[in-house]
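This report concerns only the one structure given below.
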Amino acid sequence: MIAIIQYNAGNVRSVQNALQRLGCESILTDDPERIKAADKVIFPGVGEASSAMRYLKDKNLDQLIVSLRQPVLGICLGLQLMCEHSEEGDTDCLGIFPTVVKKFPTEDIVPHMGWNNFESTKGPLLQGISIADDVYYVHSYFAATCADTAAVCHYILPFSAVLQKDNFFATQFHPEKSAAVGATILQNFLAQ
Amino acid sequence: MLKKRIIPCLDIQDGRTVKGINFVGIIDAGDPIALAKRYVEEGADELVFLDITATIEKRKQMTDLVERVAAEINIPFTVGGGINTLEDVAALIRAGADKVSINSAAVKDPRLINQIAREFGSQCVVVAIDTKWVGTEWRVVVHGGRTLTPHSTMAWSRQVEDLGAGEILLTSMNHDGTKNGFALGLTGEVSSLVNLPVIASGGAGKPEHFKAVFENTKASAALAASIFHFQEIPIPALKSYLKAQNIPIR
Chain U
-6 MIAIIQYNAG
4 NVRSVQNALQ
14 RLGCESILTD
24 DPERIKAADK
34 VIFPGVGEAS
44 SAMRYLKDKN
54 LDQLIVSLRQ
64 PVLGICLGLQ
74 LMCEHSEEGD
84 TDCLGIFPTV
94 VKKFPTEDIV
104 PHMGWNNFES
114 TKGPLLQGIS
124 IADDVYYVHS
134 YFAATCADTA
144 AVCHYILPFS
154 AVLQKDNFFA
164 TQFHPEKSAA
174 VGATILQNFL
184 AQ
Chain D
111 MLKKRIIPCL
121 DIQDGRTVKG
131 INFVGIIDAG
141 DPIALAKRYV
151 EEGADELVFL
161 DITATIEKRK
171 QMTDLVERVA
181 AEINIPFTVG
191 GGINTLEDVA
201 ALIRAGADKV
211 SINSAAVKDP
221 RLINQIAREF
231 GSQCVVVAID
241 TKWVGTEWRV
251 VVHGGRTLTP
261 HSTMAWSRQV
271 EDLGAGEILL
281 TSMNHDGTKN
291 GFALGLTGEV
301 SSLVNLPVIA
311 SGGAGKPEHF
321 KAVFENTKAS
331 AALAASIFHF
341 QEIPIPALKS
351 YLKAQNIPIR
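Spelled out as structure tokens, the structure:
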């Protein structure tokens, strides 16, 4: 069973729908026991960093997420909350990935919204994905590249499109909204 | 590189897709789910569903449609039409909409933009601006173009950005349905004025019109309806043409 961590008002159903299209059942939950018992965990997120972190702390989910040993996939804000710190609301985050989250400079349109390809890719999540493949982004903050960056995307500047460390995976883009390419990436995660 | 988006718009009435010519004289263009799936296969970058009935009794029907769309398609989609309150937005987001588009309600009470942005994030607030040239300036119109407001389109665009809109869907009522091309001057002016993605809408009739709007303005996306529904311009052919013209396209 796959647990999708439910922790704010955002559209989390789309992740569940995407898994269902891949023939995979999942539950939306904020219950630590069910999350701990899941085969895989997805940590999605649309919203604002400081209020999301506050909610996670209130539910003791912050400690739980970092202690998970099964494959975990953070998506969008999920990725950002897995970093050390976010400029959004000056928020201390989970610290899984050794990098920080900053706001895009306003030299171009912010948010970065739409389909963008990769500058580089590596690792199991992006198996079968070419640097020319496009995935769907919508975000105003980005994770700086670091030792755990598995894929780089360029918008205004290069940033982490995918991060991976041990059992923790994260995508800044929305695989659940990225058509066939996104489905392949989700399948790669499910194969972990 | 970030790609320019091609967005088919599906006007929905009583659960069916329709398209008005200048919003009058509606022709049925089919089942919205079937059409949405076809667009995804053809490479549409996003979809917009606009509920043009949007009476209170029909709203539940729209929520049901949104749930079915969310289960079936794997690209982002926006839902608009008849959204007046935060509760309307919550119901659509819960049903699986990625973004909501607000128009008349935002003009009536601009605070709604800010409320939605705070509750669900700016990324899900598309402010639809319908506009008409009144001889001296572009002015905002509401109620499907029937009511002229005192807002200048430029000032209103700035204001919605300040209030937390994530995107502007800009429709020239002078161009809508004409198939003579997008309003390049208007789109250029608004897309340079705000630092938000602007979706150009109204007037697309030929692939060259898409090229022109992407080359001459900062529009991030272009939207059309009937030319896609009736396959006057198939999306794959449009996208190959734009790629050949060196426009960044998925």
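If you read the protein sequences in the order shown, they are chains U and D.
Read in order, the letters of the first sequence are residues -6 to 185 in our numbering.
Read in order, the letters of the second sequence are residues 111 to 360 in our numbering.
Here a beta-carbon is modelled for each residue, glycine too, at the ideal position from N, C-alpha and C.
Model, not experiment: these values are computed from the prediction.
Proximity of Ala154/D and Ile122/D at Cβ, strictly below 9 Å | Along the second sequence, read from residue 1 onward, the residue named residue 154/D stands at position 44. Along the second sequence, read from residue 1 onward, the residue named residue 122/D stands at position 12. No.
Express the C-alpha separation of Ile185/D and Leu352/D in angstroms, rounding to a whole number.
-> Sequence index remark: in the second sequence, residue 352/D carries index 242 (1-based). Sequence index remark: in the second sequence, residue 185/D carries index 75 (1-based). About 21 Å.
Per-residue DSSP class, three states only, for Met106/U | Here residue 106/U refers to the residue found at position 113 when the first sequence is read from its first residue. Met106/U falls in the strand class under three-state DSSP.
Exposure label - Leu273/D; buried when at least 16 CB within 10 Å = Locating residue 273/D in the second sequence gives position 163, where the first residue counts as 1. Under this definition Leu273/D is a buried residue.
Mind listing which residues of the region 166 to 190 of chain D have their C-beta closer than 7 Å to chain U's C-betas, in chain order?
-> Ala180, Ala181, Asn184, Ile185, Pro186
Please decide whether Gly82/U counts as near chain D, where near means a Cβ-Cβ distance under 9 Å.
-> Counted from its first residue, the first sequence places residue 82/U at position 89. It does not; no Cβ of chain D falls within 9 Å.
Kindly identify the DSSP beta-bridge partner or partners of Phe97/U.
-> As a working note, residue 97/U is residue 104 in the first sequence. Answer by DSSP bridge pairing: none, since Phe97/U is not bridged.
Mind checking who Ala144/U pairs with in its DSSP beta bridge?
-> As a first step, residue 144/U must be located in the first sequence, where it is residue number 151. Thr114/U, Val155/U.
Under the assumption that Asn160/U contacts Arg27/U (Cβ atoms under 8 Å), give the Cβ distance between them as a whole number of angstroms.
-> As a first step, residue 160/U is located in the first sequence; it is residue number 167 there, counting from the start. As a first step, residue 27/U is located in the first sequence; it is residue number 34 there, counting from the start. No, Asn160/U and Arg27/U are not in contact; Cβ-Cβ is about 18 Å, not under 8 Å.
Chain A beta carbons: is any one of them nearer than 9 Å to that of Pro346/D?
-> Absence of chain A from the displayed structure is noted, the protein chains being U and D.
Quick one: residues in its chain with C-beta nearer than 7 Å to the C-beta of Val323/D, no 5 flanking neighbours on either side, listed in chain order?
-> What you label residue 323/D is simply residue 213 of the second sequence in a count that begins at 1. For Val323/D, where only same-chain residues beyond five positions count, the Cβ hits under 7 Å are Phe292, Leu294, Thr297, Ala310, Ala329, Ala332.
At a Cβ threshold of 9 Å, is Ala201/U touching chain D?
-> What is shown of chain U runs -6 to 185, which leaves residue 201/U out entirely.
CB Asn110/U to CB Cys139/U, shorter than 9 Å?
-> For this step, residue 110/U is matched to residue 117 along the first sequence. For this step, residue 139/U is matched to residue 146 along the first sequence. It is not a contact, given that the beta carbons lie outside the stated cut-off.
Can you find a C-beta in chain D that's less than 9 Å from the C-beta of Asp127/U?
-> Working through the first sequence from its first residue, we reach residue 127/U at position 134. Chain D contact via Cβ: present.
Measure from the alpha carbon of Arg268/D to the alpha carbon of each residue in Glu325/D, Leu303/D, Leu279/D, Thr257/D, then state which is nearest.
-> For this step, residue 268/D is matched to residue 158 along the second sequence. Among Glu325/D, Leu303/D, Leu279/D, Thr257/D, the Cα nearest to that of Arg268/D belongs to Leu303/D.
Taking Ala207/D as the reference, give the member of Arg221/D, Arg360/D, Gly140/D, Phe187/D with the closest Cα.
-> Walking along the second sequence from the start, residue 207/D turns up at place 97. That would be Phe187/D, whose Cα lies nearest to the Cα of Ala207/D.
In angstroms with no decimal places, state the Cα-to-Cα distance between Cys234/D and Gly276/D.
-> Locating residue 234/D in the second sequence gives position 124, counting from the first residue. Locating residue 276/D in the second sequence gives position 166, counting from the first residue. Answer to the nearest angstrom: the Cα atoms are 7 Å apart.
With DSSP as the reference, label Asn132/D as helix, strand or coil.
-> Stepping through the second sequence from its first residue, residue 132/D is reached at position 22. Caution is warranted here: a pLDDT of 38 is assigned to Asn132/D, below 50, making its placement in the model unreliable, and the coordinate value is therefore given only provisionally. Coil.
Cutoff 8 Å; reference Gly135/D; Cβ partners in own chain excluding five residues on either side = In the second sequence, residue 135/D corresponds to position 25, counting from 1. Summary for Gly135/D: the model assigns pLDDT 41, below 50, so the residue's position carries little reliability; its value from the coordinates is reported in the next sentence. Within its own chain, no residue has a Cβ closer than 8 Å to the Cβ of Gly135/D once the five positions on either side in sequence are excluded.
Length of the line joining the Cα atoms of Glu18/U and Leu183/U = For the purposes of this step, residue 18/U is taken as residue 25 along the first sequence, with counting starting at 1. For the purposes of this step, residue 183/U is taken as residue 190 along the first sequence, with counting starting at 1. If I take the Cα positions, the gap works out to 11 Å.
Using the C-alpha atoms, what's the distance from Leu70/U back to Cys119/D?
-> Here residue 119/D refers to the residue found at position 9 when the second sequence is read from its first residue. Here residue 70/U refers to the residue found at position 77 when the first sequence is read from its first residue. For Cys119/D and Leu70/U, the gap between their C-alpha atoms comes out near 28 Å.
Between Glu152/D and chain U, is there a C-beta pair that is closer than 9 Å?
-> Within the second sequence, numbered from 1, the residue matching residue 152/D stands at position 42. So no, Glu152/D is outside the interface.
Spatial neighbours of Val93/U in its chain, beta-carbon cut-off 7 Å, leaving aside the 5 residues before and after | One-based indexing of the first sequence puts residue 93/U at position 100. Answer for Val93/U: Cys76, Glu77, His78, Ala137, listed in chain order.
For Ile239/D versus Thr281/D, is the C-beta spacing smaller than 9 Å?
-> For the purposes of this step, residue 239/D is taken as the residue at position 129 of the second sequence. For the purposes of this step, residue 281/D is taken as the residue at position 171 of the second sequence. Yes. Within cutoff.
Taking any Cβ of chain D, which residues in the region 28 to 62 of chain U have a Cβ under 8 Å from it, in chain order?
-> Val39, Gly40, Glu41
Between Met283/D, Glu151/D, Ala146/D, which lies nearest to Val158/D when the distance is taken from Cα to Cα?
-> Within the second sequence, numbered from 1, the residue matching residue 158/D stands at position 48. Out of Met283/D, Glu151/D, Ala146/D, Ala146/D has the C-alpha closest to the C-alpha of Val158/D.
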